[in-house]
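Notes follow the structure.
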Amino acid sequence: MVPELRARGHDVVAPDLPCDDDSAGLSKYADVVVDAIGDRTDLVVVAQSFAGFTAPLVCERVAVDLLVMLAAMVPSPGESPGDWWANTGHARARREQDERDGRPTHGDFDVMVTFFHDVPPDVVSAALARGERHQSGTPFQKPWPLRAWPDVPTRFLLCRNDRFFPAEFMRRVVKERLGITPDEMDGGHLPALSRPKELVDRLEAYRAELRPPSVR
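Using this note's numbering, you'd call the opening residue of the sequence shown number 1058 and step up by one each time.
Okay, structure coming up:
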């Protein structure tokens, strides 16, 4: 997705979070993002998956025009990321979706089946070659520090074929926690890899909605 955004003339910041640092919690993750943003303005923050816990913290600290939650975890005040799974009923939702789709409901977690099932093989190979850093458990332990969702326009974009955060599950969670109806696109949990052009089209459309045509 980043190359596609840059090809369309957008300034993109995609910082690496200190996920393998056992001393780093959500506040440190937000520090890294804020530092990477620097003095940039006219910001659209896109948060995918676990980044849903970090992005709102960033929006409390810098002026953001729009927050886009992309197949993301939606936190509640005082909830730790570690508690989010049970609080939302994630395990049951995944199991029920696997049953509907005819996939095994037990056994080892398979990233190829759950995450990469719709990603082009060459993109999968490149991603696996880069490797994945270990995710520390530290940021999952402490409560999300905000008392309320930040005062920033928020859109949620779910993926209809997401095997990790099933669409039906996310529709419920987003409605309960954000009070909005999510937008939807085809694809699995990693649309930035599987459908980058379609995803960027969506982001540009959201951006355009913030800037209505001037009245002549």
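The beta carbon of each residue, even a glycine, is placed where N, CA and C say it ideally should be. This one's a predicted model, so the numbers in the text were calculated from it and none came from an experiment.
Cut-off 6 Å between Cβ atoms - residues of its own chain near residue i, not counting five sequence neighbours on either side
| i | result |
| --- | --- |
| A1081 | P1075 |
| Q1192 | C1076 |
C-alpha distance - residue i paired with residue j, whole-angstrom precision
| i | j | result |
| --- | --- | --- |
| F1172 | R1220 | 7 Å |
| T1041 | F1222 | With the chain covering only 1058 through 1273, there is no way to say anything about residue 1041. |
| D1175 | G1245 | 6 Å |
| F1226 | E1233 | 11 Å |
| L1011 | T1162 | Nothing about residue 1011 can be reported from this structure: the residues present for the chain run from 1058 to 1273 only. |
| G1066 | E1266 | 18 Å |
| A1224 | R1268 | 29 Å |
| V1131 | L1235 | 8 Å |
| S1251 | M1169 | 13 Å |
Sequence-distant residues of the same chain with beta carbon closer than 7 Å to residue i, five excluded per side
| i | result |
| --- | --- |
| R1063 | V1069 |
| V1089 | P1072, L1074 and P1075 |
| E1136 | N1144, P1200 and W1201 |
Buried versus exposed call for residue i [16 or more other C-beta atoms within 10 Å across all chains shown]
| i | result |
| --- | --- |
| R1273 | A caution first: R1273 carries a pLDDT of 43, below 50, which makes its placement in the model unreliable, though a value can still be read off. Exposed, by the Cβ-count rule. |
| F1110 | buried |
| S1182 | exposed |
| R1149 | exposed |
| R1083 | It is Leu, not Arg, that sits at residue 1083 in the sequence shown. Buried, by the Cβ-count rule. |
| V1125 | buried |
Nonlocal neighbours in the same chain, by C-beta distance under 8 Å from residue i, ignoring five residues either side
| i | result |
| --- | --- |
| V1115 | A1087, V1090, V1091, I1094, V1102 and V1121 |
Sequence ranges, alpha helix (DSSP H) only - wholly within the region 1144-1212, length at least 4: 1147-1158, 1168-1171 and 1178-1187
The region 1138-1154 contacting the region 1188-1206, beta-carbon criterion three pairs below 8 Å: yes
At least 3 beta-carbon pairs within less than 8 Å: the region 1119-1135 vs the region 1178-1190: no
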